[in-house]
Amino acid sequence: MDVAAALAAGSALVLCGALPARGGCYNISVAGSRVCREARDRACVMYAEELNVGRTGARERVASGTCTVGSGAGKCKTAMCNVWIGGKDYCSQCAETAELLIDGTCVASTTELAKKCTTNNQGACSSCGDGYFLYSNGCYAIGGTPGSSICADPTPTNPTDTAGKCATCATGYFKNPTAAGAAVPPCIACNDTTGDGTSIGKAGCATCEPPKSSGVAKCTACLGGFFGTGSAEDITCTPCTGDCQTCKGAATQCTSCKDTNPYFKKGESNDGTGTCISEATCKDGIHFPTTDKTNQKKICAPCNDASNGGIADCKTCAPKTTASLADAPSVTCSACTTDTNKPNKAGTKCFDY
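Structural data, given as structure tokens:
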């Protein structure tokens, strides 16, 4: 998505926010496009938690239910529900070769619809009519849903001579330097490493600047699940590995965790990175598993983390049973951090003695 790629080799790539992929024509102007609004530590903040599809090492994305694979009318060809826009799946090739791919869905051809999508006789579009633009093998309405997540232009008041034209691509896409045309996708996803064959994005890229004529876009922020290296003007995005859902600086320097080992244990560098461990591993006598009260994420906190249920000045502790967690603190302290302190009898406080 979500980016935004994130898809298996040979399938379209996912991108931040709109999380686009190759292969469809979309309408150009939808509110709530879910594009990346903020980059921090060279990653897209808004979609650091976006669930992506299929790429080894990336998080798995949950299907949105907007694209149905199968045979027969209105169905998407197997493995072709691979276009991710605005948080939803769309199709890049219809199961029925005579159907038209408009706004990411497969529809039976009519005289009017055929003006919007010129079929390639393989269940997709080869070019688009006025008021529509080509993207991921389909035609999308300018100013419509979901096309506005790709092209930010409003619906044209006069659609004449607007086929394939987009003045402003949405965040997460770059303007195709190839001259606009009915058969030319005007916007390319920043993480689309295939592009239109002459201009391409970069793997794992969320936001970017277009190439001057053709070539590779310059990446300015990475998708969640990737970390950036290189100059701020052109970042290389590398996927996080292991249990890291998001990371910073290195593939194993986690900033959030996958469900496999969901407890984030902050490292000693104080840069916001750490490791991801299980609940059992966290119970090492000097940490305890809990939920961060500021963001509701699972963390492995030190015994002295009073803001999250620990006890000030506590060095070693044991988590309370589930039944007693409602009573603060969440742990019972057995030793305090200095020789001048010791826990009270109940293990709820460290005091001078």
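Numbers -23 to -1, 1 to 330, taken from mature numbering (1 follows the signal peptide of the UniProt record, and there is no 0), label the letters of the sequence shown in order. Using N, Cα and C, we set each Cβ at its ideal position, and we do this for glycine too.
Exposed unless 16 or more other CB atoms sit within 10 angstroms - verdict on residue i
{"i": "A118", "result": "buried"}
{"i": "P131", "result": "exposed"}
{"i": "D66", "result": "buried"}
{"i": "S48", "result": "exposed"}
{"i": "E245", "result": "exposed"}
{"i": "S69", "result": "buried"}
{"i": "F328", "result": "exposed"}
{"i": "K270", "result": "exposed"}
{"i": "Q222", "result": "buried"}
{"i": "E76", "result": "buried"}
{"i": "D290", "result": "buried"}
{"i": "T139", "result": "buried"}
{"i": "Y3", "result": "Low local confidence applies: a pLDDT of 34 at Y3 is under 50, so the model's placement there is unreliable, and no value is given."}
{"i": "D220", "result": "buried"}
Cα-Cα separation between residue i and residue j, rounded to whole angstroms
{"i": "C224", "j": "T82", "result": "35 Å"}
{"i": "L90", "j": "T218", "result": "45 Å"}
{"i": "A323", "j": "T315", "result": "18 Å"}
{"i": "S191", "j": "T171", "result": "13 Å"}
{"i": "A129", "j": "T232", "result": "32 Å"}
{"i": "I79", "j": "G205", "result": "35 Å"}
{"i": "C71", "j": "T45", "result": "10 Å"}
{"i": "A295", "j": "Y112", "result": "56 Å"}
{"i": "T237", "j": "G106", "result": "48 Å"}
{"i": "T215", "j": "E186", "result": "18 Å"}
{"i": "A228", "j": "G202", "result": "9 Å"}
{"i": "V308", "j": "S284", "result": "12 Å"}
{"i": "P133", "j": "N272", "result": "42 Å"}
{"i": "A56", "j": "D282", "result": "48 Å"}
{"i": "T175", "j": "T148", "result": "21 Å"}
{"i": "S(-13)", "j": "A180", "result": "Only weak support is given to the placement of S(-13): the predicted model assigns it a pLDDT of 33, under 50, and the value that follows is read from those uncertain coordinates. C-alpha separation (whole angstroms): 13 Å."}
{"i": "T137", "j": "N98", "result": "26 Å"}
{"i": "I288", "j": "A278", "result": "11 Å"}
{"i": "P320", "j": "T197", "result": "51 Å"}
Bounding residues of the alpha helix (DSSP H) (the contiguous stretch that carries residue i)
{"i": "E256", "result": "E256 to C259"}
First through last residue of the beta strand (DSSP E) which encompasses residue i
{"i": "A278", "result": "K275 to P279"}
{"i": "D329", "result": "C327 to D329"}
{"i": "P163", "result": "No beta strand (DSSP E) holds P163; DSSP gives it neither H nor E."}
{"i": "N318", "result": "N318 to P320"}
{"i": "T267", "result": "H264 to T268"}
{"i": "E186", "result": "C182 to E186"}
{"i": "G207", "result": "F203 to S208"}
{"i": "K195", "result": "K195 to C199"}
{"i": "T232", "result": "C231 to C234"}
{"i": "K242", "result": "Y240 to K243"}
Residues sharing a beta bridge with residue i, DSSP
{"i": "C217", "result": "DSSP output for C217 lists no bridge partner at all."}
{"i": "A289", "result": "DSSP output for A289 lists no bridge partner at all."}
{"i": "S311", "result": "Answer is none; S311 lacks a bridge partner."}
{"i": "K297", "result": "In the DSSP output, where bridge partners are listed per residue, K297 has none listed."}
{"i": "T223", "result": "S233"}
{"i": "T252", "result": "K242"}
{"i": "S176", "result": "G192"}
{"i": "D211", "result": "S208"}
{"i": "G324", "result": "Per DSSP, none; premise fails for G324."}
Ordered list of beta strand (DSSP E) runs contained in the region 89 to 156, each at least 3 residues: 94 to 96, 102 to 105, 109 to 112, 115 to 118 and 150 to 152
4 or more residues per run - each alpha helix (DSSP H) lying fully within the region 41 to 94: 88 to 93
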